[in-house]
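Here's the structure, in structure tokens; my notes come after.
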Amino acid sequence: MQNEFDNLYKQSCNNKNFINLMKHITSDNNILLAYRNIKKNKGSTTVGTDNLNINYFKNMETKKFIERIQNKFDNYIPKSVRRVEIPKQNGKTRPLGIPCIEDRILQQCIKQVLEPICEAKFYKHSYGFRPNRSTKHAIARCMQIMNFSNAYYVVDIDIKGFFDNVNHSKLKKQLWNIGIHDKNLICIIGKILKSEIQGIGIPTKGTPQGGIISPLLSNIVLNELDWWISSQWETFETRYKYTQQSHKYKAMKTSNLKEIRLVRYADDFKIFCKDFKTAQKIYNATRLWLKERLDLDISPDKSKITNLRKNYTEFLGFKLMVKPKRNKYVCQSRMCDKSKNNAINKLKDQIKKIQKQENSNEVSILNSMILGIHNYYNIATYISKDVKKISFLVTGTLEMRLKNWISNKPKFSETYKRLYGNYNGKIRTIYNVTIFPIYGCKTRPPNNFNQNICNYTERGRLLIHDRLKGYYHLIKYLLKSSNYTGTAELCDNMLSLIAGQKGKCYITGLDLETDNMECHHKIPKSNGGTDEYKNLVWLCAEAHVLVHCNEKYTITKYLGLLSLDEKGLKRVNSLRKLVGNSVI
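Going from the sequence shown to the numbering used here is simple: count from 1 and add 28.
Here's what the structure looks like:
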């Protein structure tokens, strides 16, 4: 599908209107790609109102699966959406709408084709629900503005129930304005928006949180806002066409224009200004614009103007402000109080689970939670102070509840050695798992998003695929030579496994070649084996023969050819046992 996506992106950059997108959406390869993308998502095992999940399709023949999805598109009638209430930190609940698995696959097919068209039209400093972008990029952009633009007043606008209040008619017009002129597709999207919600009925507005296509549609809704705010300064059209952006801004500063900059992550956004008067004007203008153009209200209690020299502003779990340093103001960031309390409570709850369950799995989950906190918040400038406070409060609970299970004999995993080997604090080991030090986190300054990265240009993909250079040709070979004789799950897992093994033979550790690579079922299908990822392994042809053969002469011959070390021989024997052969 890559060439098709690239062409859609290029045409969208040239402002083409698209009138026949359904042929791309219902193509065989797009449907298979949708299955692959849905399957790797943790939510794929969540059932809808029909009590089915992704496992329903895993043993279906590929051709039959494709035909089923194509037929569904011909006369699309979505099934009802399952409603789930997810608890929030403040005690309230967030409503999620979970479509049935077949509807999710259809939505993924649509999203894959719409995304390259929309990516060409989206504002560059919108970071939520977009490929290759993350919360860290949004925080990095905020820090850059605070450090270099002297914009110390920030406008926070909180849209009241954004996902529940999106105007359907306005959204369809925005799709049309972006260049989606395929009336059949717009009709299908209209049906998705009006899918019946279990126990509530047919909605008249809003996009269900939990739907595959909802994040993309929300970005389409707010894209108009992005460009309107951007047009006030960053993308303001000057009469003279400047060759350099810096020269343009220098000239604009001599005019009456007010310097404002936007950073948006989904429906959470900040507008940075240089003075309070400008901040007041843009606050009122944005409030009125949202009401008049998008029919959206704001929450007056949560929307405010903050002087960053006096107070923190919260964004995506961080709190930011500027403090004087060497005759200028610089951004300083920390975990916000809510995030800190939430982290403390979650770690304490997990310690209670370890006390009740008494097994190493729960200790490993505690480690993954600690690592998750470090990975997300390590861009905060004062993260070391925050994690020390968390560590002090959580360690007390750990010592009190698990003192009888704590061992002083460490058992360091490779991950522990790599990430925390330089820390000299007290080491605690429970059920042979050494707990990661909660205090063990250092600041890593965030990098701004490289605007050259793009899934739909050759140059952009080179930056993404750098790490795949050694085996990218194998993935391309499998994609081109794939046939529809196996199950959809087998085709998908064969591709994933090549990346998982980094293009190397599991037994020899040598690079695989397109004419010398075979996918082996660890437990044969004849013995009840499945096409699951964990039951597959890529081997070179000689190693595959060695796993299955029983004749002494053949075994000796292939052992000589492969020259296996102790590790390789151990792996051969483990695979031979699974197929019912004796060890060598």
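We put the beta carbon where it would ideally sit given N, CA and C, even for glycine.
Only a predicted model underlies this, so the values are computations on that prediction, with no experimental measurement involved.
Check your understanding: Are LEU148 and PHE300 closer than 9 Å when you measure CB to CB?
Key -> One-based indexing of the sequence shown puts residue 148 at position 120. One-based indexing of the sequence shown puts residue 300 at position 272. Reading off the sequence shown, one finds Ala at residue 148, where the question assumed Leu. Going by C-beta atoms, ALA148 is not nearer than 9 Å to PHE300.
**Study point:** Expected contact under 8 Å - CB spacing of ASP295 and PHE190 to nearest Å
**Key:** Taking the first residue of the sequence shown as position 1, residue 295 is located at position 267. Taking the first residue of the sequence shown as position 1, residue 190 is located at position 162. The pair is a contact, with the Cβ atoms about 4 Å apart (cut-off 8 Å).
Review point. Distance, Cα to Cα, GLY557 vs LYS550?
Key: For the purposes of this step, residue 557 is taken as residue 529 along the sequence shown, with counting starting at 1. For the purposes of this step, residue 550 is taken as residue 522 along the sequence shown, with counting starting at 1. Going by the C-alpha atoms only, they are around 8 Å apart.
**Study point:** Sequence-distant residues of the same chain with beta carbon closer than 6 Å to ASP34, five excluded per side
**Key:** Indexing the sequence shown from 1 puts residue 34 at position 6. These residues qualify, in order along the chain: TYR484.
**Study point:** Check: ALA527 C-beta below 8 Å from any heavy atom of the ligand NAP
**Key:** Only the bare structure without any ligand can be found here, which leaves the ligand NAP out of the picture.
Check your understanding: CB-CB under 7 Å to TYR512, same chain, minus the five flanking residues each way: which ones, in chain order?
Key -> Numbered from 1 along the sequence shown, position 484 holds the residue referred to as residue 512. Any answer about TYR512 is weak, because its pLDDT of 47 lies below 50 and its placement is not dependable; what the coordinates show is given next. Same-chain partners within the cutoff: THR90 and LYS91.
Practice item. Please work out which residues of its chain come closer than 7 Å, Cβ to Cβ, to HIS572, disregarding the five sequence neighbours upstream and downstream, and give them in chain order. Key: One-based indexing of the sequence shown puts residue 572 at position 544. Counting only Cβ-Cβ distances below 7 Å, and skipping sequence neighbours, we find GLU546 and HIS548.
Practice item. Give the secondary structure of GLN226 by DSSP, where H, G and I count as helix, E and B as strand, and everything else as coil. Key: Against the sequence shown, residue 226 aligns to sequence position 198. GLN226: coil per DSSP, three-state reduction.
Point to revise | Test item: CB-CB of LYS269 and ASN475 under 9 Å | key: For this step, residue 269 is matched to residue 241 along the sequence shown. For this step, residue 475 is matched to residue 447 along the sequence shown. Against a cut-off of 9 Å, the Cβ pair of ASN475 and LYS269 comes out as no contact.
Review point. When DSSP builds the beta bridges, which residues end up paired with HIS549?
Key: Taking the first residue of the sequence shown as 1, we reach residue 549 at position 521. Answer is LEU564, bridged to HIS549.
Check your understanding: Helix, strand or coil: which one does DSSP assign to PHE101?
Key -> In the sequence shown, the residue the question calls residue 101 occupies position 73. Under the three-state reduction of DSSP, PHE101 is assigned to helix.
Review point. Leaving out five residues before and five after VAL291 in sequence, what residues of the same chain have Cβ atoms less than 6 Å from its Cβ?
Key: The residue you call residue 291 lines up with position 263 of the sequence shown. Hits under 6 Å: HIS153, ALA166, ARG169, CYS170 and LYS298.
Review point. Just to confirm, are ILE535 and LEU590 a CB contact at a threshold of 9 Å?
Key: Taking the sequence shown and counting its residues from 1, one reaches residue 535 at position 507. Taking the sequence shown and counting its residues from 1, one reaches residue 590 at position 562. Closer than 9 Å, so yes.
Review point. DSSP puts MET363 in a beta bridge; with which residues?
Key: Residue 363 sits at position 335 when you count from the first residue of the sequence shown. Bridge partners of MET363: PHE346.
Practice item. Decide if the region 458–477 is in contact with the region 384–393; the criterion is three or more beta carbon pairs, one per stretch, under 8 Å apart. Key: With the cut-off at 8 Å, the region 458–477 and the region 384–393 touch.
Exercise for review: Mind reading off the beta-carbon distance from ARG122 to ILE228? Whole number of angstroms is fine, and I expect it under 8 Å.
Suggested key: If you number the sequence shown from 1, residue 122 lands on position 94. If you number the sequence shown from 1, residue 228 lands on position 200. That pair is no contact at about 15 Å.
Practice item. Kindly provide the ranges of any alpha helix (DSSP H) runs that are 4 or more residues long and lie completely inside the region 201–274, ordered along the chain. Key: 211–221 and 242–258
**Study point:** Uninterrupted alpha helix (DSSP H) stretches inside the region 425–498 (no shorter than 4 residues)
**Key:** With a minimum length of 4 residues, the continuous alpha helix (DSSP H) runs that stay inside the region 425–498 are 442–448 and 486–492.
Review point. If you check the beta carbons only, do GLY125 and GLY207 fall under 9 Å apart?
Key: Sequence index remark: in the sequence shown, residue 125 carries index 97 (1-based). Sequence index remark: in the sequence shown, residue 207 carries index 179 (1-based). Against a cut-off of 9 Å, the Cβ pair of GLY207 and GLY125 comes out as no contact.
Check your understanding: Going along the chain, which residues of its own chain have a beta-carbon closer than 6 Å to the beta-carbon of LYS323, five neighbours each way excluded?
Key -> Stepping through the sequence shown from its first residue, residue 323 is reached at position 295. Here the sequence assigns Asp to residue 323, which means Lys is not the residue at that position. Closer than 6 Å at the Cβ level, and outside the excluded window around ASP323, lie ASN195.
Practice item. Report the three-state DSSP secondary structure of ASN578 (helix, strand or coil). Key: Within the sequence shown, numbered from 1, the residue matching residue 578 stands at position 550. It is coil, neither helix nor strand.
Exercise for review: Could you tell me if ASN620 is buried or exposed, where buried requires 16 or more neighbouring beta carbons within 10 angstroms of its beta carbon?
Suggested key: One cannot answer for residue 620 here, as it falls past the ends of the chain, which runs 29 to 612.
Review point. Does DSSP put VAL607 in a helix, a strand or coil?
Key: Taking the sequence shown and counting its residues from 1, one reaches residue 607 at position 579. Of the three classes helix, strand and coil, the one that applies to VAL607 here is helix, per DSSP.
Check your understanding: Taking DSSP as the reference, what is the three-state secondary structure of PHE3?
Key -> With the chain covering 29 to 612 only, the question about residue 3 has no answer from this structure.
Check your understanding: Do the CB positions of CYS137 and THR54 come within less than 9 Å of each other?
Key -> To locate residue 137, count along the sequence shown from 1; it is residue 109. To locate residue 54, count along the sequence shown from 1; it is residue 26. Going by C-beta atoms, CYS137 is nearer than 9 Å to THR54.
Practice item. Under 8 Å by Cβ, that's how I've got LEU507 and TYR561 pegged, so tell me the actual separation to the nearest angstrom. Key: Within the sequence shown, numbered from 1, the residue matching residue 507 stands at position 479. Within the sequence shown, numbered from 1, the residue matching residue 561 stands at position 533. Not confirmed; about 18 Å, so no contact.
Point to revise | Cβ-based neighbour list, LEU430, same chain, cut-off 7 Å, excluding 5 preceding and 5 following | key: Position 402 of the sequence shown, counted from the first residue, corresponds to residue 430. Excluding residues within five positions, the ones whose Cβ falls inside 7 Å are ILE379, ILE382, GLN383 and ILE458.
Review point. Is DSSP giving VAL109 helix, strand or coil here?
Key: Here residue 109 corresponds to residue number 81 of the sequence shown, with the count starting at 1. Three-state result, VAL109: strand.
Point to revise | For ASN335: DSSP bridge partner residues | key: Translated into positions along the sequence shown, residue 335 becomes position 307. Answer is TYR181, bridged to ASN335.
Review point. Just how far apart, CA to CA, sit LYS332 and GLU262?
Key: As a first step, residue 332 is located in the sequence shown; it is residue number 304 there, counting from the start. As a first step, residue 262 is located in the sequence shown; it is residue number 234 there, counting from the start. Rounded to whole angstroms, LYS332 to GLU262 spans 23 Å at the Cα level.
Exercise for review: In the DSSP assignment, find the unbroken alpha helix (DSSP H) run with GLY537 in it and report its ends.
Suggested key: On the sequence shown, position 509 is the one that residue 537 refers to. Per DSSP, GLY537 belongs to no alpha helix (DSSP H) and is neither H nor E.
Review point. By Cβ distance, which residues of its chain are closer than 8 Å to ALA279, with the 5 residues on each side in sequence left out?
Key: As a working note, residue 279 is residue 251 in the sequence shown. Cβ neighbours of ALA279 beyond the five flanking positions: THR266, TYR268 and TYR270.
Practice item. Put GLY189 into one of helix, strand or coil per three-state DSSP. Key: Taking the sequence shown and counting its residues from 1, the one referred to as residue 189 is at position 161. GLY189: coil per DSSP, three-state reduction.
**Study point:** Presumed contact (8 Å Cβ cut-off) between GLN226 and SER108, rounded CB distance
**Key:** Residue 226 sits at position 198 when you count from the first residue of the sequence shown. Residue 108 sits at position 80 when you count from the first residue of the sequence shown. The beta-carbon separation of GLN226 and SER108, rounded to 5 Å, stays under the 8 Å limit for a contact.
Check your understanding: Does the pairing of the region 362–372 with the region 403–416 give three or more beta-carbon distances under 8 Å?
Key -> yes
**Study point:** Residue closest to ILE538, alpha-carbon to alpha-carbon, out of THR423, LYS416, ALA569 and SER361
**Key:** Within the sequence shown, residue 538 is the residue found at index 510, counting from 1. According to the sequence as given, residue 538 is Leu; it is not Ile. The residue with the shortest Cα to Cα distance from LEU538 is ALA569.
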